[in-house]
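Here's the structure, in structure tokens; my notes come after.
Residue numbers (the working numbering): 18 to 271.
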């Protein structure tokens, strides 16, 4: 009889333990296990991970040194360590003050006790400029070209690249950049630079070239996507033979 009571008590305790464990398991299953939780953007660990991510993005994109402009958002996820999901704004250290920042979303895995820290995911894209339409006004030219300063360092760099590319494509021998006449840019998944340049070949007369150069710094991509060149003297002849216009009269007065 005593043995029966002992067995019954044991069974009741076992059922109670299983019930508690089952309830705990159910609660764990219902909860969002492994999800990301918000973190403060000024947290020292977040700042440390943001600096690490900036260096890692610079190295992986071969776009030259980047600098951290702003931590927009930060989240953490506890795994066998910690995943830091960060939304950052970066900029090329050589970019001008008016250059648009590059938004990046990165995930950094950090495991301090094994001295492990690595970037497991990154996605960067240029910030598109938006134009607010004035009521009653005309629609903005989305994706259109905007004027640039022909004397800016960035424009001169792109113009020199175009000159080298034209020399290689035409087999006309080495040429030098004589002048940047006009410059425009268009924001796409990167930047299209539309330039009118005067090129001075080693042999022959100067050329006037209209080119479009596509530039994507974060993937180290730069290519001449369009080019059209013609002798500069031919243009002068055509202007001289053209019917009189206000533009020609103004030129003649000079």
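A virtual CB, placed ideally from N, CA and C, is assigned to each residue, including glycine.
Supposed close pair residue i, residue j - CB separation, criterion 8 Å
| i | j | result |
| --- | --- | --- |
| residue 232 | residue 208 | 5 Å |
| residue 239 | residue 230 | 7 Å |
| residue 224 | residue 191 | Not really, about 13 Å apart at Cβ, beyond 8 Å. |
| residue 241 | residue 202 | With a Cβ gap of about 15 Å, residue 241 and residue 202 do not count as contacting. |
Same chain only: Cβ atoms within 6 Å of residue i, ignoring 5 sequence neighbours per side
| i | result |
| --- | --- |
| residue 140 | 122 |
| residue 221 | none |
| residue 63 | 56, 91 |
C-alpha gap between residue i and residue j, whole angstroms
| i | j | result |
| --- | --- | --- |
| residue 205 | residue 162 | 10 Å |
| residue 71 | residue 55 | 20 Å |
| residue 246 | residue 86 | 40 Å |
| residue 53 | residue 67 | 17 Å |
| residue 101 | residue 196 | 48 Å |
| residue 199 | residue 171 | 13 Å |
| residue 137 | residue 236 | 17 Å |
| residue 97 | residue 130 | 10 Å |
| residue 76 | residue 69 | 11 Å |
| residue 110 | residue 90 | 22 Å |
| residue 212 | residue 174 | 12 Å |
| residue 84 | residue 177 | 26 Å |
| residue 118 | residue 250 | 42 Å |
| residue 183 | residue 244 | 8 Å |
| residue 58 | residue 142 | 21 Å |
| residue 99 | residue 134 | 10 Å |
| residue 168 | residue 132 | 48 Å |
| residue 210 | residue 179 | 10 Å |
| residue 215 | residue 108 | 31 Å |
| residue 82 | residue 116 | 15 Å |
| residue 88 | residue 124 | 13 Å |
| residue 234 | residue 226 | 24 Å |
Nearest to residue i (by Cα), restricted to the options the options
| i | options | result |
| --- | --- | --- |
| residue 181 | 201, 168, 217 | 217 |
| residue 92 | 185, 237, 105, 135 | 105 |
| residue 94 | 116, 186, 84, 128 | 128 |
| residue 74 | 61, 103, 226 | 103 |
| residue 126 | 65, 226, 60, 234 | 65 |
Enclosing beta strand (DSSP E) for residue i [first to last residue]
| i | result |
| --- | --- |
| residue 53 | Premise fails: residue 53 is in no beta strand (DSSP E) and is neither H nor E. |
| residue 83 | 83-96 |
| residue 228 | 224-233 |
| residue 168 | It is not in any beta strand (DSSP E) - residue 168 carries neither H nor E in the DSSP assignment. |
| residue 124 | 119-128 |
| residue 205 | 192-205 |
| residue 247 | 238-248 |
| residue 133 | 133-141 |
Own chain, CB closer than 8 Å to residue i, minus 5 neighbours either side, in chain order
| i | result |
| --- | --- |
| residue 276 | For residue 276 there is no data in the structure shown, the boundaries of the chain being 18 and 271. |
| residue 60 | 91 |
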